[in-house]
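In our numbering, the protein residues as written are -13 to 358. C-beta: ideal position from N, C-alpha, C; glycine also.
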């Protein structure tokens, strides 16, 4: 699928105004306009709708920034691509380009029920994107942008190939035998790969795409966090650490937050208070039926701007569909019924403990953390 041509007229792009120059930054400088900010999503056909929601949030938060949204996929069809373009059509400052990738490029890589092989597609960005694109922001499909990502695009990487935010440290995971076996030292930052600033020129110069895919194929199921483990293991200290506000994982808003907060507690508290990107990194995705996750209303605020606005999760019975519809109606009016029920359940658990009784584990459990 070919990329969408830049629009003309009032929404005329920098590319159209300066056709003789190669670099987006050069074109923008000559035209006297803001440089194009490139943003990449990688998605299979099922996740195109969630990539659309994330892309709409990016476009909404960057109204004065020319954006080029890139989508890499092994199986996206014309219908899903058209719906994504339709979601972004109201934004005159946004262009869209699809980059199909042959599934064979991901053959032999480890995948499980939590992540598909498309998780490794980001490693192929230097090959899939045009050679004049020298930098790109990669975003997971389960994020919502609340600030203009052009500031993230301009982040100083200090000559390093990639920038990222440290992952949440639940149990000092850098000490585990598994990560030590991958070569990840206890004293090095372990970053979350859901938001990346990629210097594609540096990736190409250092042949990082080939090296990362070869490493992933060699380590196989030892990469429990898939591409994230591979990135941390192979690049290590060569990853620039970015401000935590650019990847605030929703688990930081849960009652486990104090245990989840990393060593730089103050920075994490400030990021939680004023996030630039919210990341639904747990298994409890906001679009799932009866999802019990913080900040869920953010997702639906932007989903309501896409062609998927009124589509329920697949596989629901008639009764479940009615429940989902009612819960969504309330959520749009500021009431998360599942959060209310969860709070009531926690109060019941506390009361039972206070009175010396015990509730079944299933009644007192809260969804746990974990990259999904």
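Cα-Cα separation between residue i and residue j, rounded to whole angstroms
i           : j           : result
residue 53  : residue 142 : 19 angstroms
residue 33  : residue 59  : 10 angstroms
residue 96  : residue 340 : 46 angstroms
residue 55  : residue 93  : 26 angstroms
residue 65  : residue 337 : 52 angstroms
residue 312 : residue 269 : 23 angstroms
residue 214 : residue 149 : 13 angstroms
residue 170 : residue 163 : 10 angstroms
residue 273 : residue 191 : 39 angstroms
residue 278 : residue 271 : 8 angstroms
residue 129 : residue 76  : 20 angstroms
residue 256 : residue 70  : 33 angstroms
residue -12 : residue 31  : Low per-residue confidence applies at residue -12: pLDDT is 42, beneath 50, and the placement is therefore not dependable enough to give any value.
residue 147 : residue 325 : 40 angstroms
residue 221 : residue 230 : 19 angstroms
residue 98  : residue 267 : 16 angstroms
residue 83  : residue 188 : 22 angstroms
residue 298 : residue 330 : 26 angstroms
residue 175 : residue 101 : 23 angstroms
Among the options, nearest to residue i - alpha-carbon criterion
i           : options            : result
residue 233 : 106, 167, 151, 134 : 151
residue 202 : 281, 278, 91       : 91
residue 167 : 200, 65, 218, 125  : 218
residue 306 : 294, 275, 101, 71  : 275
residue 136 : 24, 250, 283, 85   : 24
residue 73  : 292, 35, 207       : 292
residue 180 : 40, 301, 207, 331  : 40
residue 85  : 309, 62, 101       : 62
residue 124 : 145, 172, 178      : 178
residue 319 : 209, 309, 283, 300 : 283
Same chain, Cβ closer than 7 angstroms to residue i, neighbours up to 5 away in sequence not counted
i           : result
residue 303 : none
residue 9   : Residue placement at residue 9 is poorly supported in this model, since its pLDDT is 43, which falls under 50; the coordinates still yield a value, given next. Hits under 7 angstroms: 118, 120.
residue 186 : 111, 112, 115, 119, 120, 121, 122
residue 280 : 236, 239, 240
Collapsed DSSP secondary structure at residue i in the structure displayed
i           : result
residue 218 : helix
residue 27  : strand
residue 169 : coil
residue 124 : strand
residue 272 : coil
residue 145 : coil
residue 237 : helix
residue 326 : helix
residue 8   : Residue confidence is low: residue 8 scores 44 on pLDDT, short of 50, so the model does not pin down where it sits. Its coordinate-derived value is still stated next. Reduced to three states, the DSSP call for residue 8 is coil.
residue 152 : strand
residue 212 : helix
residue 339 : helix
residue 46  : helix
Nearest-angstrom Cβ-Cβ length linking residue i and residue j, presumed shorter than 8 angstroms
i           : j           : result
residue 48  : residue 134 : 4 angstroms
residue 288 : residue 317 : Not really, about 13 angstroms apart at Cβ, beyond 8 angstroms.
residue 45  : residue 80  : 5 angstroms
residue 132 : residue 261 : 6 angstroms
residue 43  : residue 294 : Going by Cβ atoms, the distance from residue 43 to residue 294 rounds to 14 angstroms, so no, they are not a contact pair.
residue 194 : residue 216 : So it is not a contact: roughly 11 angstroms between Cβ atoms.
Cut-off 6 angstroms between Cβ atoms - residues of its own chain near residue i, not counting five sequence neighbours on either side
i           : result
residue 28  : 58, 104, 107, 108
residue 323 : 313, 316
Residues near residue i in its chain [Cβ-Cβ closer than 8 angstroms; skip 5 each side]
i          : result
residue 88 : 60
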